[in-house]
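Taken in sequence, the protein lines are chains A, B and C.
Start counting the first sequence at 1399; every next residue gets the next number (the working numbering).
Start counting the second sequence at 8; every next residue gets the next number (the working numbering).
Start counting the third sequence at 14; every next residue gets the next number (the working numbering).
Here a beta-carbon is modelled for each residue, glycine too, at the ideal position from N, C-alpha and C.
Computed from a prediction, not measured in an experiment: that's the story for all the values here.
Just below is one structure, and these are the notes that go with it.
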Amino acid sequence: MSEAIKQPVGAEGIIQMQGVNKWYGQFHVLKDINLDVRQGERIVLCGPSGSGKSTTIRCLNRLEEHQQGRIVVDGVELTNDLKQIEAIRREVGMVFQHFNLFPHLTILENCTLAPMWVRKMPRRKAEEIAMHFLERVRIPEQAHKFPGQLSGGQQQRVAIARALCMKPKIMLFDEPTSALDPEMVKEVLDTMVSLAEDGMTMLCVTHEMGFARTVANRVIFMDKGEIVEQAAPDDFFDRPRSDRTRLFLSQILH
Amino acid sequence: MNAHVFKPDMPPPVKTVGVLAWMRANLFSSWVNTLLTLFALYLVWLIVPALVQWAFLDANWSGTTRADCTKDGACWVFVQQRFGQFMYGYYPSELRWRVDLTAWLGVIGAAPLFIRSFTRKAAYGIGYLVIYPILAYLLLHGGSFGLVQVPTSQWGGLTLTLVIATVGIAAALPLGILLALGRRSRMPVIKAVSVTFIEFWRGIPLITVLFMSSVMLPLFMPEGMSFDKLLRAMIFVILFQSAYIAEVVRGGMQAIPKGQYEAAAAMGLGYWRAMALVILPQALKLVIPGIVNTFIALFKDTSLVIIIGLFDLLNSVRQATADPAWLGMATEGYVFAALVYWVFCFSMSRYSMHLERKLDTGHKR
Amino acid sequence: MQNQIGARKGLSLSDPRVRAWLFQILTVVAVIALGWYLIHNTQTNMQHRGITSGFDFLERSAGFGIAQHLIDYTEADSYARVLLVGLLNTLLASVIGIVIATLLGFVVGVARLSSNWVISKLATIYVETFRNIPPLLQILFWYFAVFTALPGPRGSINIEDLFFISSRGVNMPGASMAAGFWPFIVALVLAVLAIVLMVRRANKRFDETGQPFHKFWAGLALLLVIPTCSVLLFGNPLQWEVPQLKGFNFVGGWVLIPEFMALTLALSIYTAAFIAEIVRSGIKSVSHGQTEAARSLGLREGPTLRKVIIPQAMRVIIPPLTSQYLNLTKNSSLAAVIGYPELVSLFAGTVLNQTGQSVEVMGITMAVYLTISISISLLMNWYNKRIALIER
């Protein structure tokens, strides 16, 4: 199964996190995170809730601010400089647990908003691209409906298409299937797999261990704000090195 | 297999906590923010010292006449001298203990309703709502049990404000509940009558309602039947207020899940029993904050009785400021009245917010 | 049909349908009886007091002056004209009050959500202070403690010999039509048309090529250049008359009477406190996820607000905002207490006293307010249906 996707992985690091620390008030949420992601790499972050995995990827596009350490994304360091933050956000797409589609805009408008206002793309071109990606996630026929008219799975696929319309170099997924009814999980995962096949650099926070095994190059296990273990999926699932990882795996893989 | 050793928690770096970090985050996070902060501080510097100077430092606190106000600041002597009038109107000064007693009875009587461990709140509350108004009327109006009668034309000041507001809300409550039931009724005639009544009163300003009470009500009544001015105003205030209460109660009834209605019907309860035993107790609990808010609105609106010549708190102040012996005291008078109204309204709105929060946690799934 | 069912089941009081009918018939009878009783009493009372009924009085000459009238009015004009003058004054105070209250309310509401601690605390103090003081008290305060306490016309505050602030109000230069007036209006219309065309072209270009166009600056230029040409060619559109102090008062120019200022200021400040709360809760109702989604797509602060947050917040804001507008309009009747010549004080006050026709006068007054209220709430219902989020 783990042989399913064979994509070349670049040598250069597209994301570098060095000694990243973060506090909420007095609470130490991220402890000395070091992470190097190469172009085309597909990483799954897992761990118990509150372990800091969502916070880690939210630091990558500055939805959360880190207080110590260095984060470099696509050659740009994240500082308080708004220009750099915007530059990074243009290259980093994100998919949320609760979709966060704009309910007052149609599916098509959801997809064209950012290309038109951020990339300054003409409407026609933006709509062409949007339709292209809506076809990719297999819901072009819904383009003129509103998010409230779609099922959860369809909404999440629209959210993926919306992020892709910005032609990002990196995609972040923050528990994309956790808010879905069980029968809709597969359609979203299939979309993510096909994205992986195209060589997208992906960081996914997810509990879908089947997905981790088939798609990931590397699985990272986090607990209490630190990276406990990281390994290739086969090693991670079959030969965990740490007792903490083993305990976690025994709890989720019966 | 390695046992994983977690790193210890570290305290956050100094630059992110403490006063300086707080100021950087909340006051000077960007140059726009810094400008805003400086502008706001300038405003405060402009207003607060001048206000303190006027109201306290330069104020005149003692004396009996206008001539005693020699300093530049506020002349609180005026408020001191007229305090009795502001509170009681023309209620005879030797009988003012009756007003105080009524107020104390009201507060003490209502106290058990706020004690958490007291369980029979509903029964007690209804009893209180029935008995207290009778007691209050006997005390304030007198004329029996050896109490000297004080006609309502002598009532005034804060006393009158409170009387109108509390009577207005208490009497409007049952009428409002009936109207809310009527508006949600499946009988078209009942619904139409209720909707028309509610929308009529909600569509016109209270001031025209008061005008009506003084010019129309005498025409509506059979010849020879005349009402006291206060009673006339009160009837119309109650009608007006019941329309607003009806809308608040209707909101509460809409929030009750349909399952409750169905469960009540399934138990074989008829319409009135289902409403009285199942729906209304839940709905009324939900709408208490809304009713308190309506009460605040009414409390502020009682000031409009100025238009028909009743001397409530605001009109007493206005009249006192027009007194030739105290000319130029408008600011002091209105500031004092504003303070009284503010204290009442603000504390009630806090109470209603507190209730809302309490109810919110009670109903969260 | 009813009979057949009745025959089968028997007309029993335990049948809920029979009871419903009975109950409704009783209600109708009671309402009619009450109405008849009131009408009967009123008629007898009016007969005995010698009050004529009917609307003939509207044609009669009023015989009193009005301090502020937007349309021509003299003492010889009819009561009907008084009604119109009063209504216009009510609408004037309401519209200006609504504009100021909206601006102030939005600023304060946004300020309450500011990350700046001082700004948000100041906004909170504003809201908690002004919404807990009766509007009538605020009107009286501005009127008696501020505006009429100003020095008289002779000691007025003089701003550049153009504006004079005194206990008689604010006197300012008044404009009247001059030779260039109509050409100027035509030029304005042309400028607006040109701007509309320009914006269309610019939007089309943006859609096709994605190149933005400085619509604002181009529009401003058009708006300045075309009317200026008209002024240069045809002369000034307006001539200004500066108020002069003659005797004890100012003559000429326009004046904002203190009653008007006290009323609009007090109502704006009072209503703005409520609008601020509406705006705050409207913006807060848009989930934080929406902002995060917009941010993660690279949208800046401006487009995030304009394209994502505000359109969603407005759906929550507009219904309660309208009812605040209605409240302000109804509250403008409080001006009767300080004698601002609006609908209630003129019509339900002076006209009623002069004619004694209380039923007709009160009826008309209430009908006017009901018409305003009902038409606005119908408009609101229509708007709410239009903007409701489409869900399945």
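- Contact annotation: residue 349 of chain B and residue 146 of chain C have beta-carbon atoms nearer than 7 Å.
- Note that the C-beta distance between residue 282 of chain C and residue 143 of chain C is below 7 Å.
- Taking a cut-off of 8 Å for Cβ pairs, the region 1438-1458 of chain A and the region 1616-1632 of chain A touch, as three or more such pairs fall below it.
- Close to residue 41 of chain B, with beta-carbon spacing below 8 Å, lies no residue of chain A; the smallest spacing is near 15 Å.
- Uninterrupted alpha helix (DSSP H) stretches at least 4 residues long and entirely within the region 87-168 of chain B occur at 103-117, 128-148, given in chain order.
- Within the region 316-390 of chain C, the complete alpha helix (DSSP H) runs of at least 4 residues fall at 323-344, 365-368.
- Restricting attention to C/198, C/279, C/304, the CA atom closest to the CA of residue 247 of chain C is found in C/198.
- Under DSSP, no beta-bridge partner is assigned to residue 242 of chain C.
- Residues of chain B with a Cβ closer than 8 Å to the Cβ of residue 1624 of chain A are, in chain order, 13, 14.
- The criterion of a C-beta distance shorter than 7 Å is not satisfied by residue 257 of chain C and residue 191 of chain C.
- Not a single C-beta of chain B is nearer than 7 Å to the C-beta of residue 1515 of chain A.
- Classified as exposed, residue 230 of chain B has fewer than 16 neighbouring CB atoms from the shown chains inside 10 Å of its CB.
- Partner residues in the beta bridge of residue 1629 of chain A, as assigned by DSSP, are A/1617.
- For residue 92 of chain C, the three-state secondary structure derived from DSSP is helix.
- Between the beta-carbon of residue 1544 of chain A and that of residue 1501 of chain A there is about 7 Å, and that keeps the pair under the 8 Å contact cut.
- With contact defined as three or more Cβ pairs closer than 8 Å, the region 297-312 of chain B and the region 247-261 of chain B are in contact.
- Note that the C-beta distance between residue 333 of chain B and residue 152 of chain B is not below 7 Å.
- In terms of CA proximity to residue 327 of chain B, B/93 leads the group B/93, B/207, B/214.
- Taking residue 127 of chain C as the centre and dropping the five residues before and after it, the same chain places the C-beta of 133 closer than 7 Å to its C-beta, in chain order.
- Pairwise C-beta distances place the region 118-125 of chain C out of contact with the region 28-41 of chain B, as fewer than three of them are shorter than 8 Å.
- Cβ contact annotation for residue 1627 of chain A (same chain, cutoff 8 Å, sequence separation greater than five): 1618, 1619, 1634, 1638, 1639, 1640, 1642, 1643, in chain order.
- The Cβ neighbour count for residue 174 of chain C, taken over all protein chains shown within 10 Å, is under 16; the residue is labelled exposed.
- At a C-beta separation below 9 Å, residue 352 of chain B has these neighbours in chain C: 144, 145, 146, 147.
- Taken in chain order, the region 308-352 of chain B contains no complete beta strand (DSSP E) segment of 3 residues or longer.
- Here DSSP, grouped into helix, strand and coil, assigns residue 1651 of chain A to coil.
- By the Cβ test, the region 1520-1536 of chain A is not in contact with the region 1466-1485 of chain A, since fewer than three Cβ pairs between them sit closer than 8 Å.
- Contact note: residue 33 of chain B does not reach chain A at a C-beta cutoff of 8 Å; the least C-beta distance is about 14 Å.
- Given a length threshold of 4 residues, each whole run of the alpha helix (DSSP H) inside the region 179-235 of chain B is given here in chain order: 195-210, 213-222, 224-227.
- It is roughly 36 Å from the alpha-carbon of residue 1475 of chain A to the alpha-carbon of residue 1650 of chain A.
- For the pair of segments examined, the region 274-288 of chain B was found not to touch the region 346-363 of chain B: the number of CB pairs separated by less than 8 Å stays below three.
- Within the region 68-87 of chain C, no residue has a Cβ lying closer than 8 Å to any Cβ of chain A.
- Annotation for residue 83 of chain C: 98, 101, 102, 105 place their beta carbon closer than 8 Å to its own, counting only its chain and skipping 5 residues before and after.
- Interface with chain A (7 Å Cβ-Cβ cutoff): residue 295 of chain C is excluded.
- For residue 66 of chain C against residue 373 of chain C, the beta-carbon gap comes to about 7 Å, under 8 Å, which counts as contact.
- Where residue 1470 of chain A is concerned, the enclosing beta strand (DSSP E) starts and stops at 1466-1471.
- Between the alpha carbons of residue 204 of chain C and residue 214 of chain C lies a gap of roughly 15 Å.
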